[in-house]
Amino acid sequence: MAQKRNPQRDEAKQMWLESGKQIKLAEIAAKLETLPSTIRKWKSQDRWDDETNESAPNDKGSAPLRHASMKGNKNATGNKGGKGAPLGNDYAKGNAGGGAPPRNENAVKTGEYQTIMWGYLSDEEIALFQSIPDDPLVQITATIKELEIRKYRMAGLLDKAKKELTPSQKKTLKQLQEVPYIQDVKGTKVRVSREELSIVEEREESVDIFNRILSIEDALTRVTNQLVKAIKQKSDLELASARKKLIQTQTDVNKEKLYRPSTVEDEKVENKAPPDMTQLSIEELRNLASINKLS
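Here the sequence shown is numbered in UniProt numbering, starting from 1 and rising by one per residue.
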């Protein structure tokens with residue numbers, strides 16, 4: 001809980017203002033029976049020097065007065081009211097709402113996290129979307145190919161960024177300055193001046209594009225990880241598909257056995273323990289499925 005404001009704080013300030021800011025702080029301290037250092041602290045925190053005799057006490061507890069800027073500052077010197085761009089400029093030509101146009105890619109840097117929404121797809125992208133097959137194995141194969149292309153493009157961006165890496169870049173600062181010159185006025189040489197854009201400073205500074213290179217490398221690493229996961233997912237889908245075909249083949253064989261007379265050989269086959277399909281490879285599952293179809 002905030003400490004309650006000392007009522008003597010406003011009383012001391014009022015005494016100082018009523019004296020025309022002439023009374024000594026030690027005299028105020030003596031009248032209020034407090035320490036001169038306390039009065040000096042109040043004067044500093046409440047900014048007595050910025051107040052007039054008509055100023056009202058600060059009603060914000062013990063918080064000091066705050067102003068938008070310090071007294072006497074010249075932060076806005078030369079600012080004539082913020083009239084905006086020069087007359088006749090075409091800076092915002094064609095911009096109806098102040099924002100970037102639809103489907104713009106101003107914020108696209110690596111392209112890794114670009115948002116894909118149906119309402120913002122181009123006609124070519126809509127046609128591509130509708131042509132994508134529903135087969136998960138076909139989709140994952142297409143994803144692998146797309147990731148390979150993405151890797152290739154990002155590697156190109158990385159090479160380009162590394163080639164643009166230079167040790168330094170020259171910067172030139174120019175300003176309008178009055179340049180004196182001699183002009184002939186009615187046969188008399190007169191010294192006059194005119195405003196010209198002149199170089200006032202030249203310096204070389206290092207151009208740091210390491211952050212861009214590092215961001216592309218990080219994105220490339222993430223895309224590579226996605227590619228590895230996609231390849232593993234494709235392998236798992238192929239294995240699951242082979243197992244499904246084998247189970248379907250075995251089911252068909254068992255159905256046929258139900259509708260034909262039982263023989264000794266059939267009983268031997270039925271009593272034989274089935275192989276553990278979870279331990280078989282894709283090639284072994286395919287071979288086993290083809291054998292069952294032939295039988």
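All C-beta atoms in this analysis are idealised placements derived from N, C-alpha and C, irrespective of residue type, glycine included.
Separation of residue j from residue i, as counted between CA atoms
i, j, result
"residue 229", "residue 243", "21 Å"
"residue 31", "residue 23", "11 Å"
"residue 138", "residue 225", "20 Å"
"residue 186", "residue 49", "59 Å"
"residue 19", "residue 190", "59 Å"
"residue 249", "residue 163", "59 Å"
"residue 119", "residue 241", "36 Å"
"residue 41", "residue 4", "16 Å"
"residue 6", "residue 21", "21 Å"
"residue 43", "residue 16", "9 Å"
"residue 152", "residue 251", "46 Å"
Proximity test, residue i beta-carbon vs the ligand SAM heavy atom, cut-off 8 Å
i, result
"residue 28", "Judged by which ligands are present, the structure shown has none, so any question about the ligand SAM falls away."
Any chain B beta carbon closer than 9 Å to residue i
i, result
"residue 15", "Any reference to chain B falls outside this structure, which holds one protein chain only."
Exposure label - residue i; buried when at least 16 CB within 10 Å
i, result
"residue 26", "exposed"
"residue 126", "exposed"
"residue 134", "exposed"
"residue 255", "exposed"
"residue 128", "exposed"
"residue 12", "buried"
"residue 182", "exposed"
"residue 123", "exposed"
"residue 154", "buried"
"residue 46", "buried"
Residue i and residue j closer than 9 Å at C-beta
i, j, result
"residue 227", "residue 147", "yes"
"residue 253", "residue 150", "no"
"residue 140", "residue 233", "yes"
"residue 231", "residue 144", "yes"
"residue 136", "residue 237", "yes"
Endpoints, the alpha helix (DSSP H) within which residue i is located
i, result
"residue 33", "Neither: residue 33 is in no alpha helix (DSSP H) and is coded neither H nor E."
"residue 311", "Nothing in the structure corresponds to residue 311, since the chain is present only between 1 and 295."
"residue 236", "210-258"
"residue 7", "7-18"
"residue 123", "123-131"
Same chain only: Cβ atoms within 7 Å of residue i, ignoring 5 sequence neighbours per side
i, result
"residue 158", "213, 216, 217, 220"
"residue 56", "Only weak support is given to the placement of residue 56: the predicted model assigns it a pLDDT of 46, under 50, and the value that follows is read from those uncertain coordinates. Around residue 56: no qualifying Cβ."
"residue 161", "209, 212, 213, 216"
"residue 39", "12, 25, 28, 29"
"residue 188", "none"
Own chain residues within Cβ distance below 8 Å of residue i, not counting five before or after
i, result
"residue 8", "32, 34"
Nonlocal neighbours in the same chain, by C-beta distance under 6 Å from residue i, ignoring five residues either side
i, result
"residue 235", "none"
"residue 36", "25, 26, 29"
"residue 284", "none"
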